[in-house]
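**Student:**
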Amino acid sequence: MARGGGECLVQNPHGQEASLVQNIFRVSKHAGPLTDGITPEDFSHVLVPIGASILVPALCCTCLIFLHELHVGAGAKPWLASHDQNSTVLLQVAFLTFWFVPYLIDSMMIPLSLEYALAMGESATASGVFLGMAAAGSTVGIVLGQSLTSEADWNQRYARKLFIYFYGLSVMTMPLLALILQASIDWSLRARRLTFWLVIALNFVNTCIGSIPIIAWSTMWNIVTPQGEKTFWMMLTQCARNAGFILGSIYLAGLSHAIRLAKGGQTTSPINMMSWAFMASFFIQLLELAAYSLIFPTELKDASPPQVESPSSEVQEVSEIRPEDLEDAAKEQVVWGVIFYGYERTFSVGAIEVATIMLLEVSYGWPPERSGVSFVVIAAGSIVLTGLSTLAVSMKLTTESLIYLLMTYLGLGGSVLLFDFHVFGAGSLLVADALVYGGASVANGIAEGWACRAATMGTSYSIETYRAHSTAGVNVSRFLAPIIARFLLDFGGRNLYAAVQFLFAQVSEKEIRVPTSGGLLISGDTLFVGGAGRTDLVESNHQDMLQSLERLCKLPSDTVVLPGHNYDPLAFTTIDMEGGGNSVIANAKAFFYSWEREAGYLGNAGFIYGATIPSVYLPKAINDFPEG
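Using full-length UniProt numbering, read the sequence shown as starting at 1 and increasing by one per residue.
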């Protein structure tokens, strides 16, 4: 449907234009589903066939990849792979491609999905099933492939082969789906409806096959990527995802323009457009597969033993989150917290992707190509936020935990703008989407980096367990989000959808506790190395000192303590060292209270009865400072 201005102009099978009054789509005036009144015959039936000029080059590229894999299988090194070091920029870029491509494909499929479903004789809710079923297939594939590799017994050559062959088989099914759709354009309505669900079933199988090696892929990334770089690269995955949305929208606009030119500017069938979207996806994934084949190594160097950092280096980097240094219980809490957090945030961003397109097309009359460009606004805002956040963290201008909290609250505020205030129109919707989506992208990148660093081999929270559960959670949310979002919009309107998004944003704000591996405590004159501050000075008293020490004891055990001054050769200490070796902390309450009883201590002033100056006996017993 090509929409514009106050009414919607479409073509019927005979090439004549028919109009649908825009007002029947208004949320505020419509009594039933938003899409009520739209029939399959309101759409064009014009077809641009996929010919040999498209299929032959695809076959040639496939043969070249296969020949390269035969060469590697015979013992050769992949052409662009490095066997000298595990983590290279080129390899990390290849890993980022894995996140880039699905979002590029989504940004083509989502704008076309509503009209495609309606042209096939189905509903807006069914279009959500079409978008979500791939995620369901991915979940099944992950479950099937989870036990095929193990980080504890890693075989790089086998894992690489597993990934290339299963993913390659998945890619090769895309042209089949495209050709089936093209053949169905002039079929009866009943046949088209059956074809719609057949394509969904085949796409389910396709994504299931392609997802079998995902755990192997993610474990490979976890092995080759240094601990200190994981959060950085996970934040860049958010940029890759959003870049996919931007370029996918541009790709769709160019594809649509080229297809229209092939028919002299005529509007083609939404079914035809979806078939070409499948074909375009095939070529993108074919290039992606070629990159993996050329770059993924068959051998990895033995991992170097983890370096034990000196206390001085810990002092220099105390502002950094170090989930890998947490205690086991805290690591497990981080991993599972991020998994559950992923359910909610993925649902929110998945709902935004499909709901925005539906609102722009149905409520504001935007054509699919223009609606797709809305992803540019959303993704560009997210890239800016992610880029600034990554720069700030890398330059140590702020901490990961602070950025995470700021982005979480930014998403909460942006969800308010999703409500229809009947003032700002489509602009407020796009701003709200940019804030919610951008905040979620940055927060997701940081949280996923924490989880990958906290995941521990051979435990119930290993990288395989984390990736299996987190990816399954993402897929479940991506399956449900399009269906629920479009159902809410179709039957409840924009404000009901906004209320659900606001509720989920509040849940995410409480979902995950920010991990900490200690930090830096500048204790002033309260806690020293093996001692505590003086209480014999005016306006000082033992009770306040006791309460301060008890509060400090509750800090993480590896918190580095820098006292204001001390009388010990060490210039610093930690809460753990003082908790076990500082008799003042270990016996503070008994020591203070026994002295009060024996010396007649006047609790709120710090003086001895009958004395004219504060007593120095107790402070010297606590910390042997020089007199004079």
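No residue lacks a Cβ here, since even glycine has one placed at the ideal position from N, Cα and C.
Below 7 Å CB to CB, which residues in the same chain sit around Ile215 once its five sequence neighbours on both sides are set aside?
**Tutor:** Ile142, Gly145, Gln146, Thr149, Glu464, Arg467, Ala468
**Student:** From residue 638 to Ile483, what distance separates their C-alpha atoms?
**Tutor:** This structure gives no information on residue 638, because the portion of the chain shown stretches from 1 to 628.
**Student:** What does the Cβ neighbour count give for Val423, buried or exposed, with the cut at 16 atoms within 10 Å?
**Tutor:** exposed
**Student:** Nearest-angstrom Cα distance between Leu410 and Asp490?
**Tutor:** Taking the CA atoms as reference points, Leu410 sits about 28 Å from Asp490.
**Student:** Apart from the five residues just before and just after Phe196, which ones in its own chain have a Cβ nearer than 8 Å to its Cβ?
**Tutor:** Ala117, Met120, Gly121, Glu122, Ala126, Phe130
**Student:** Following the continuous alpha helix (DSSP H) through Asn86, name the residue where it begins and the one where it ends.
**Tutor:** Asn86 -> no alpha helix (DSSP H), and no H or E assigned at all.
**Student:** Going by DSSP, which residues form a beta bridge with Ala532?
**Tutor:** For Ala532, which the question treats as bridged, DSSP gives the partners Leu527.
**Student:** What are the complete beta strand (DSSP E) segments, minimum 3 residues, inside the region 239-264?
**Tutor:** none
**Student:** Do the region 428-439 and the region 367-387 meet, that is, are 3 or more Cβ pairs less than 8 Å apart?
**Tutor:** yes
**Student:** Ala505 by DSSP, collapsed to three states: which one?
**Tutor:** helix
**Student:** Three-state secondary structure (DSSP) at Thr225?
**Tutor:** coil
**Student:** Where does Thr298 fall in DSSP's three states?
**Tutor:** coil
**Student:** Would you mind listing the alpha helix (DSSP H) stretches within the region 137-175 that are 4+ residues and don't spill past its ends, in chain order?
**Tutor:** 156-172
**Student:** Could you compute how far the alpha carbon of Leu454 sits from the alpha carbon of Thr399?
**Tutor:** One point to set straight first is that residue 454 is Ala, not Leu, in the sequence displayed. If you take the alpha carbons of Ala454 and Thr399, they lie about 17 Å apart.
**Student:** Could you tell me the distance, in whole angstroms, from the CA atom of Lys230 to the CA atom of Phe166?
**Tutor:** Lys230 and Phe166 have their C-alpha atoms roughly 26 Å apart.
**Student:** For my contact list, Asn495 and Phe419 are in at a C-beta cut-off of 8 Å; report their separation, rounded to the angstrom.
**Tutor:** 6 Å
**Student:** Around the Cβ of Val442, are there at least 16 other Cβ atoms within 10 angstroms (buried) or fewer (exposed)?
**Tutor:** buried
**Student:** For Ala52, which of Leu162, Ser462, Leu179, Ala485 has the nearest alpha-carbon?
**Tutor:** Leu179
**Student:** Pick helix, strand or coil for Glu327, following the three-state DSSP scheme.
**Tutor:** coil
**Student:** Nearest chain C C-beta to Val561 closer than 7 Å, yes or no?
**Tutor:** Protein chains in the displayed structure number just one, and chain C is not present.
**Student:** Among the candidates Gln543, Ile403, Asn242, Val140, whose CA atom is the shortest distance from the CA of Ile212?
**Tutor:** Val140
**Student:** Taking the alpha-carbon positions, what's the Ser353 to Gly493 distance?
**Tutor:** Looking at the sequence shown, residue 353 is not Ser but Glu. C-alpha separation (whole angstroms): 16 Å.
**Student:** Which same chain residues end up closer than 7 Å to Gly445 when comparing Cβ atoms and leaving out the 5 residues on each side of it in sequence?
**Tutor:** Met234, Met235, Thr237, Gln238, Thr386
**Student:** So, for Phe421: in the same chain, excluding its five sequence neighbours on each side, which residues have a beta-carbon less than 8 Å away from its beta-carbon?
**Tutor:** Ser428
**Student:** Whose C-beta lies closer than 6 Å to the C-beta of residue 686 among residues of the same chain, with five residues either side of it excluded?
**Tutor:** What the structure shows of the chain is the stretch from 1 to 628, and residue 686 is not part of that stretch, so it cannot be assessed.
**Student:** Tell me whether Arg322 sits in a helix, a strand or coil according to DSSP, three-state version.
**Tutor:** coil
**Student:** Should the region 252-260 be called in touch with the region 72-80, which here means at least 3 C-beta pairs below 8 Å?
**Tutor:** no
**Student:** Whose CA, out of Gln506, Glu448, Tyr292, lies closest to the CA of Leu80?
**Tutor:** Tyr292
**Student:** With a CB to CB cut of under 6 Å and the five nearest residues on each side skipped, what residues in its chain are close to Pro306?
**Tutor:** Because Pro306 sits at a pLDDT of 47, beneath the cut-off of 50, its placement in the model cannot be relied upon, and the point is left open.
**Student:** If you run the structure through DSSP and keep just helix, strand and coil, what is Glu344?
**Tutor:** helix
**Student:** Give me, in chain order, the residues of the same chain whose beta-carbon lies closer than 7 Å to that of Val393; leave out the 5 immediate sequence neighbours on both sides.
**Tutor:** Glu400, Ile403
**Student:** With distance defined between alpha-carbon atoms, name the residue in Ala280, Trp276, Asp153, Phe95 nearest to Ile185.
**Tutor:** Trp276
**Student:** Tell me the rounded alpha-carbon separation between Arg160 and Trp450.
**Tutor:** 25 Å
**Student:** Here's the rule I'm using: 16 or more other beta-carbon atoms within 10 Å means buried, otherwise exposed. How should Cys452 be labelled?
**Tutor:** By the neighbour-count criterion, in which 16 or more other beta carbons inside 10 Å mark a residue as buried, Cys452 falls on the buried side.
**Student:** Taking the alpha-carbon positions, what's the Glu550 to Thr573 distance?
**Tutor:** 17 Å
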